[in-house]
Amino acid sequence: MKLYLPDEQAMTDFGGQLAQAIDAGAVIFLLGDLGMGKTTLSRGVLRGCGHTGSVKSPTYTLVEPYETPAGTVYHFDLYRLADPEELEYLGIRDYFTDDALCLVEWPEKGQGMLPVPDLEIRLSLSGEGRQLALLTNTQKGQQLVDNLTKRTDQACGGQ
313 MKLYLPDEQA MTDFGGQLAQ AIDAGAVIFL LGDLGMGKTT LSRGVLRGCG
363 HTGSVKSPTY TLVEPYETPA GTVYHFDLYR LADPEELEYL GIRDYFTDDA
413 LCLVEWPEKG QGMLPVPDLE IRLSLSGEGR QLALLTNTQK GQQLVDNLTK
463 RTDQACGGQ
């Protein structure tokens, strides 16, 4: 599935739609260069889960937990990770439970230590906006995209 999002507001809105499409926890990898909107997308997901406070990028803490009305969300930013083994000290396996939503920016930095994602979202520059390519890796990921597609179709009047 590919989407074009023209601006930051569209990215935030899409994040909210994505949050509403999740039935239970999921692991979502966010891939793309610096400045592509990974944190903006994460902010939209958190808002869609009912979080009303600020959302900061966990660049220095590596993970920021959020308790939302929709459940626990862990927002990871592995950009500054020097070695995937460092994730072992963080207790990485404890975060990836069936009912937690895990958003992982820069997952390639944690290669070998992270579970298979349900969904990968690759963000790239496209004119003034962003192109999003969604790739499912599990049945849960496929269900999420199916739910998202239904929501998008309904929002567009079924077109």
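In terms of the working numbering, the sequence shown has 337 at position 25, counting the first letter as 1, and numbering is strictly consecutive. Don't be surprised by glycine CBs; every beta carbon is placed ideally from N, CA and C.
Asked: Do T384 and A338 have their C-beta atoms closer together than 7 Å?; Found: no
Asked: Counting Cβ pairs closer than 8 Å, one from the segment 397–413 and one from the segment 314–329, do we hit at least three?; Found: no
Asked: When you compare each of S366, L358, V457 to D258 by their alpha carbons, which one comes out closest?; Found: The chain is shown only over 313 to 471; residue 258 falls outside these bounds and no answer can be derived.
Asked: Would you mind reading off the limits of the beta strand (DSSP E) that contains K314?; Found: 314–317
Asked: Assuming V357 is part of the beta strand (DSSP E), what are its boundary residues?; Found: Run containing V357: none in the beta strand (DSSP E); it sits in the alpha helix (DSSP H), 350–360.
Asked: Does the beta-carbon of T352 have 16 or more other beta-carbons within 10 angstroms, so that it is buried, or is it exposed?; Found: buried
Asked: Compare the beta carbon distance of G424 and P396 with 7 Å and say whether it is the shorter of the two.; Found: yes
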